[in-house]
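The sequence shown begins at 8 in this note's numbering and counts up one residue at a time. We put the beta carbon where it would ideally sit given N, CA and C, even for glycine. Below: the structure, in structure tokens.
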Amino acid sequence: MSMIGKKMQAAVVQALKQPFQILTVDVPTPKAKEVLIKIKASGCCHTDLHAIEGDWPIPPKMPLTPGHEGAGIVEAVGSEVIGLKVGDRVGVPWLHVACGNCEFCNQGWETLCLRQKNTGYGVDGCFREYTVAPASHVVKLPPNLSFEQAAPLLCAGVTSYKGIKETECRPGQFIAIVGAAGGLGHMAIQYSKAMGLRPIAIDVGAHKGQYCKSIGAEHFIDATSLTAVEEMNKYTGGGAHGVLSLASSVSAFELLTKICRRKGFIVCCGLPPGSLSTPIFDLVLKRITIRGSIVGTRQDLVEALDFGALGKVKCTVQTKKLTEINDIFDQMKKGKIEGRMVIKMDE
Ligand code: 8ID
Ligand code: ZN
């Protein structure tokens with residue numbers, strides 16, 4: 008099917024800190040190893056907000072169509088595509104492509120590849136009706152997962168799932184989830200519970216406690232409370248074995264070493280601009296390990312999607328139209344979203 012000359016709607020930012028414009032643009036043509044995907048649902052990640060605000064040391068391409076939680080249907084395949092066909096239900100994640108041939112790719116750490124490209128950052132992403140992606144890094148969606156449910160798993164799901172694994176927590180142990188009511192956090196509560204851990208949710212404002220508990224948090228602590236650290240250490244009898252940092256504000260990081268148990272692991276996924284200031288004394292005497300974690304490999308993604316297919320995790324999804332995109336990001340800036348906002352494309 009030739010898409011040449013066909014037009015579509017795309018959300019585009021022309022420059023950093025500018026609002027989205029909905030433009031009519033050409034439908035892209037897939038290269039030999041790429042597929043063209045008709046997007047059905049596209050999750051809105053805080054990373055997209057960091058991108059358009061220019062929060063990170065390496066700026067995104069401009070103009071930019073962000074979006075790296077794209078779920079849809081293969082509409083056309085390039086001449087050298089193997090393993091995917093027209094009609095397949097697929098997802099497009101943050102890891103757009105990795106080289107497959109470097110020190111890190113060869114060890115199964117493709118997320119660390121220096122030659123990787125990132126969807127909706129270095130290349131245009133999924134806030135548009137059609138997108139193109141290399142067939143090698145597109146993931147097939149389980150048949151019983153709706154597009155709206157699958158979309159948030161493509162970044163929020165896999166990132167929190169991988170982050171939990173990186174805490175090295177074992178069943179029965181406490182995991183503190185900082186930023187628990189957000190896109191990543193609300194998934195982390197559910198994954199950690201499904202993995203046999205005891206999730207303690209931490210977010211700002213007591214009103215988020217009810218929500219976190221309703222999706223499986225064993226206990227909630229308001230990060231703004233003066234007694235947060237005391238409460239945490241009392242409840243867990245000495246701190247959480249794993250601390251998963253998913254908040255998008257740098258102030259959240261002050262808490263991490265204080266609520267981490269001796270011999271515990273702190274895993275940082277949240278990416279606010281700034282530095283992590285850690286009391287050296289606590290770090291050394293408590294033998295704390297601090298580790299970064301970035302999304303997950305294609306295999307992590309398959310596993311993360313399986314939890315969804317089995318009904319062990321369910322995203323809290325609010326759907327919106329592409330034309331409402333500026334409103335979505337305004338709400339995200341204000342920290343008002345519980346779970347994930349997902350753009351549902353018009354049929
Ligand atoms: O691979 C990665 N490492 C990766 C993947 C995807 C996203 C990293 N991220 C990063 C994003 O770029 C962002 O910095 O993770 C962070 C969270 O993304 P998100 O879950 O998509 O953001 P959100 O839905 O806005 O949720 C953020 C939550 O943090 C809470 C907010 O209330 C909200 O619920 N929060 C904040 I802001 N400050 C807090 C604090 N001091 C806090 N929670 C506890 N203490
Ligand atoms: Zn993301």
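> Comparing alpha-carbon positions, which option in GLY186, LEU119, PRO73, GLY129 lies nearest ALA17?
Replying inline: Nearest C-alpha to ALA17: PRO73.
>> List, from N- to C-terminal side, the beta strand (DSSP E) runs of 3 residues or more that fit wholly inside the segment 42-101.
In response: The DSSP assignment places 77-84, 96-99 as complete runs of the beta strand (DSSP E) inside the segment 42-101, in order along the chain (cut-off: 3 residues).
>> On the DSSP letters alone, give me the boundaries of the beta strand (DSSP E) that LEU30 sits inside.
In response: Where LEU30 is concerned, the enclosing beta strand (DSSP E) starts and stops at 28-33.
> How about VAL349 and GLU136: are their beta carbons less than 7 Å apart?
Replying inline: no
> By Cβ distance below 6 Å, which residues in the same chain neighbour VAL104 in space, the five residues on each side in sequence not counted?
Replying inline: Closer than 6 Å at the Cβ level, and outside the excluded window around VAL104, lie LYS124, PRO141, HIS144.
>> Going by DSSP in three states, MET339 sits in which element: helix, strand or coil?
In response: The three-state secondary structure of MET339, taken from DSSP, is helix.
>> Pull the bridge partners of PRO206 from the DSSP assignment, please.
In response: ILE182
> Using 8 Å as the threshold, is the segment 67-83 in touch with the segment 112-124, meaning 3 or more CB pairs across them?
Replying inline: no
>> Under 6 Å: does the beta carbon of THR54 sit that close to some heavy atom of the ligand ZN?
In response: A heavy atom of the ligand ZN is found nearer than 6 Å to the CB of THR54.
> Is CYS275 near the ligand ZN, going by C-beta to nearest heavy atom under 6 Å?
Replying inline: no
> How big is the Cα-Cα spacing for GLY212 and ALA230?
Replying inline: 7 Å
>> In the DSSP assignment, the alpha helix (DSSP H) including ARG305 goes from what residue to what residue?
In response: 305-316
> Would the C-beta of CYS267 count as close to the ligand ZN, meaning under 6 Å from any of its heavy atoms?
Replying inline: no
>> Suppose you measure from the CA of ILE335 to the CA of ALA247; what does that come to, to the nearest Å?
In response: C-alpha separation (whole angstroms): 33 Å.
>> Does ILE295 come out as helix, strand or coil in the three-state DSSP assignment?
In response: coil
> With distances taken between CB atoms, is the gap from THR31 to LYS47 smaller than 7 Å?
Replying inline: no
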